[in-house]
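The next block holds one structure in the form of structure tokens; read it before the comments.
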Amino acid sequence: LKIASAIAFPSIGNKFFVTGDSPGAANRFKSIKLGELLALANPPMLLQDMPLGALISVNFFWQCEVVSHCEPTVVVKRLDGGNGFVQKRAWHARSGGNETRDAVYMFGLRIVIDSAGVGRRVSWTLIFIQLGSCLALLRLAAILADFLMLKLPQERQGAYKRCKVT
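Taking the numbering used here, the leading residue of the sequence shown gets 83, the next gets one more, and so forth.
In structure tokens form, the structure reads like this:
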């Protein structure tokens with residue numbers, strides 16, 4: 083088997099991440115035998131244990147900071163619950179005025195491959211917006227404290243006004 087996987091996050095960067103492109107990384111799925119792929123599942127699967135076929139999923143999960151290199155986490159699992167994978171086809175024919183139908187059941191392995199992920203990047207604009215909101219809320223806290231202190235009894239109000247730094 084030859085499995086290639088990649089992902090891009092166009093809204094936050096124009097880099098295209100490909101499995102095995104990071105320094106020191108290798109794409110073990112570039113040329114993998116079916117038995118090796120099934121052994122990566124948890125629990126490992128054997129072809130002999132699948133007389134009715136199987137529905138196998140290979141998921142590539144990416145957690146990327148888009149300014150650096152990124153490699154996926156790969157999860158291999160069986161989706162059919164041990165029931166196998168069957169595809170039914172029917173061929174219709176007409177001979178001598180009679181209509182016949184041949185039903186063929188095909189068993190095999192179906193491999194579903196998915197590549198999904200989350201890309202992250204620091205946004206200085208959003209950081210400054212959050213800081214501005216925080217400072218505005220801090221000012222609101224001071225105004226709220228002044229308002230509450232003015233609702234205290236008269237002798238306490240006087241003490242608050244004398245101690246307040248303006």
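The C-beta atom is built at its ideal place from N, Cα and C for all residues, glycine as well.
Through-space distance from residue 203 to residue 214, alpha-carbon basis: 20 Å
In or out: residue 194 buried (at least 16 other Cβ within 10 Å) or exposed?
exposed
* Asked: By how many angstroms is the C-alpha of residue 185 removed from the C-alpha of residue 173?
  -> 7 Å
### Query
In its own chain, which residues sit with a C-beta less than 8 Å from the C-beta of residue 234, not counting the 5 before and 5 after it?
242
Please report the residue range of the alpha helix (DSSP H) in which residue 170 lies. No alpha helix (DSSP H) holds residue 170; the beta strand (DSSP E) holding it covers 168-177.
| Backbone secondary structure at residue 197 - three-state DSSP | strand
DSSP three-state label for residue 155, please. strand
Grab me the residues of residue 113's own chain with a C-beta within less than 7 Å of its C-beta, minus the 5 sequence neighbours each way, in chain order. 84
_Does residue 127 come out as helix, strand or coil in the three-state DSSP assignment?_
coil
Point to revise | Runs of alpha helix (DSSP H) lying entirely within the segment 182-240, each at least 4 residues, in chain order | key: 206-232
Quiz item: Measuring CB to CB, does residue 104 end up less than 8 Å from residue 147?
Solution: no
Subject >> Burial state of residue 93 (16 or more Cβ within 10 Å) >> reply: exposed
Practice item. Could you tell me which residues DSSP puts in a beta bridge with residue 160? Key: 138
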